[in-house]
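Position one of the sequence shown corresponds to residue 16 (the working numbering), numbered consecutively onward. Each residue gets a CB set at the ideal place from its N, CA and C atoms; glycine is no exception. This structure is a prediction, so every number in the text was calculated from the model and none was measured.
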Amino acid sequence: MKAHDGMYIGGQWRPAAGPDTIAVVNPADEQVIAHVPAGTADDVDAAVRAAREAFPAWAATPPAERAARIAALRDVLVARKDEIAETVTAELGAPLALSRTVHAGVPVLVAGSYAELAASYSFEERIGNSTVLLEPVGVVGAITPWNYPLHQVVAKVAPALAAGCTVVLKPAEDTPLTAQLFAEAIHEAGLPAGVFNLVTGLGPVAGQALAAHEGVDLVSFTGSTAVGRQIGATAGAAVKRVALELGGKSANVILPSADLAKAVSVGIANVMSNSGQTCSAWTRMLVHKNQYDEALALAAAAVAKYVPGERVGPLVNAKQQQRVRGYIEKGLAEGARLVAGGPEAPYETGYYVSPTVFADVTWDMTIAQEEIFGPVLSILKYEDEEDALRIANGTVYGLAGAVWAADEAEAVAFARRMDTGQVDINGGRFNPLAPFGGYKQSGVGRELGPHGLSEYLQTKSLQF
Ligand code: NAD
């Protein structure tokens, strides 16, 4: 795999400040495929200075021109989609088909949506005797996780650029090659020097330095709740804007009138996709007590199609593999029953976990409360709709969810009562313009579409 041995700062690849590197490992065969520099506070400082220098001119660039550059970026992502898919597969382990459609495909949609929004958005509004100007917040420090290596980057960088902000990105240490490819795409698209900067490195070193840097006006973080809480505290102490996209434990509520077979099979597909490493995955399936046994049989048949190494990739690293296997052991220890899978790794090599389905899960068990981030589904039984609602809302998270019913209105009525940021009705369809983000401890702020753009803007009111 091709890797840069420097940082992309001020429009060029520059040598890293320190000698340390990070090994990038292919999780399917555990082989080291590349090394990238482990950035330090000095690299972050150089990148923030470059972003600050570029900010006034980029903020003053007419939105239509910013839109044209983002459209050019989208075109480069299209032209290089095969390379992107292969890189994501190499460092994340996702099956190539998933890398092509989702990991390489979705960022094209999102970048395209912001090219259109930048051109059409009204950066000025009239309220009574005031004109309200919507101005870019400034320099954005973006910190991203490894689970969707390109999507997480584009979901922050595209709206930030559309708003007129400049960016320093610190991508996850497990997937830096996709981020380097993205920096190449930015360069090829002709973005002015310093508008986007990349510092690879470790979270507690480069990430921490970026979140705490006084030249950063807004920190946009996606990752674990533990780190998010720390970043929120750092930003709060500095009175700095912060957006946090954190964990989830979403409920897939199957109401008695629903098409049970369809709801179960889509529910399994949702959890197994990306090896369960999706923060919005519906990891708790809620089934009425009268349909419970039938649902278990359907789930067992559906999950058998998800063969590790074929449709399901490995987890990203050994630590995640151990963590997920630990949760499966905990589920068994707390009295849940295996319908499929189990804690044993299916292969000796590669960080694979067996697709696992648990029955007899109660809402208070660890596997029903904590985010597992692996191919593990818990099926819970409910007595009636009120019970289903209590279970659905009974975690500290509120990122996503699903409701199934014969009648759309019945599903919508239930969805209105869920404490969560996004709900798919009878399967739904991905909408790159719909706001994405959490209620409760799933986060602060929204990404995607016009709501995602407004996170990077601040208002100035002029009275007449
Ligand atoms: P993580 O929090 O460990 O890391 C995320 C990013 O933060 C990485 O770039 C990491 O280097 C950096 N980081 C780590 N420690 C830091 C520190 N002290 N200061 C600054 N930066 C630091 O999370 P992860 O293991 O990479 O990702 C998995 C988690 O992310 C899961 O809990 C998942 O739910 C969550 N996630 C949430 C969303 C969402 O949109 N809500 C999306 C994807 C992942």
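Assign residue i to one of three DSSP states: helix, strand, or coil.
i: R432; result: coil
i: N408; result: coil
i: E359; result: coil
i: E309; result: helix
i: V6; result: Outside the shown range of the chain (16 to 479) lies residue 6, about which nothing can therefore be said.
i: E344; result: helix
i: E98; result: helix
i: A50; result: Note that residue 50 corresponds to His in the displayed sequence, not to Ala. Strand at H50.
i: A200; result: helix
i: S290; result: helix
i: D20; result: coil
i: D232; result: coil
i: T190; result: coil
i: L477; result: strand
i: D379; result: coil
i: Q437; result: coil
i: L301; result: strand
i: P174; result: helix
i: T116; result: helix
i: T237; result: strand
Which residues share a DSSP beta bridge with residue i?
i: V373; result: Reading the sequence as shown, one finds Phe at residue 373 and not Val. L353 and S393.
i: Y471; result: The partner list for Y471 (beta bridge, DSSP) is empty, contrary to what the question assumes.
i: G205; result: Per DSSP, none; premise fails for G205.
i: I484; result: In this structure the chain extends from 16 to 479, so residue 484 is not present and cannot be described.
i: N41; result: Q46
i: F451; result: E462
i: F211; result: V182
i: R81; result: R81 is not bridged to any residue.
i: V339; result: According to DSSP, which records beta bridges pairwise, V339 is partnered with nothing at all.
Are the beta-carbon atoms belonging to residue i and residue j less than 7 Å from one another?
i: V372; j: L392; result: yes
i: A133; j: E462; result: no
i: P191; j: V327; result: no
i: N289; j: W297; result: no
i: G467; j: P174; result: yes
i: T181; j: W73; result: yes
i: A18; j: A49; result: yes
i: D434; j: Y454; result: yes
i: V318; j: I343; result: no
i: T193; j: L165; result: yes
i: G21; j: A32; result: no
i: L7; j: Y366; result: The structure shown does not extend to residue 7, since the chain is modelled only from 16 through 479, so no value can be given for it.
i: G458; j: G452; result: yes
i: F138; j: V168; result: no
i: G291; j: G389; result: yes
i: A221; j: G357; result: no
Can you tell me where the alpha helix (DSSP H) with residue i in it begins and where it stops?
i: W8; result: Residue 8 is absent from the structure shown; the chain starts at 16 and stops at 479.
i: S128; result: G120 to S135
i: K277; result: L275 to M287
i: I387; result: Where I387 is concerned, there is no enclosing alpha helix (DSSP H), given that its DSSP letter is neither H nor E.
i: A252; result: T240 to A252
Looking at the secondary structure, which residues open and close the beta strand (DSSP E) in which residue i lies?
i: G156; result: V154 to I158
i: E150; result: S145 to P151
i: R256; result: R256 to E260
i: G324; result: No beta strand (DSSP E) holds G324; DSSP gives it neither H nor E.
i: A32; result: Segment: none, A32 is in no beta strand (DSSP E) and carries neither H nor E.
i: G416; result: G416 to W419
i: A266; result: A266 to I269
Could you check whether the Cβ of residue i sits closer than 6 Å to any heavy atom belonging to ligand 3?
i: T237; result: Judged by which ligands are present, ligand 3 is missing from the structure shown, whose ligands are ligand 1.
### Query
Is it a yes or a no for the segment 259–266 touching the segment 373–389, going by three-plus beta-carbon pairs under 8 Å?
yes
### Query
Okay, do the segment 61–73 and the segment 151–160 touch, 3+ Cβ pairs below 8 Å being the bar?
yes
### Query
Looking at C-beta atoms only, is the number of pairs between the segment 43–61 and the segment 198–216 that lie closer than 8 Å three or more?
yes
### Query
Using 8 Å as the threshold, is the segment 330–337 in touch with the segment 295–312, meaning 3 or more CB pairs across them?
no
### Message
Could you check whether the segment 118–137 touches the segment 82–92, counting it as contact only if at least three pairs of C-beta atoms, one from each stretch, sit closer than 8 Å?
### Response
yes
### Message
For the pair the segment 94–112 and the segment 246–263, tell me if three or more CB-CB distances fall below 8 Å.
### Response
Here the segment 94–112 makes no contact with the segment 246–263; the two share fewer than three CB pairs at distances below 8 Å.
### Query
Does the segment 360–379 come within contact of the segment 394–410, defined as at least 3 CB pairs closer than 8 Å?
At 8 Å Cβ cutoff, the stretches touch.
### Query
At a cut of 8 Å, does the segment 416–423 reach the segment 434–447 through at least three beta carbon pairs?
Between the segment 416–423 and the segment 434–447 there are three or more C-beta pairs closer than 8 Å, enough to call the two in contact.
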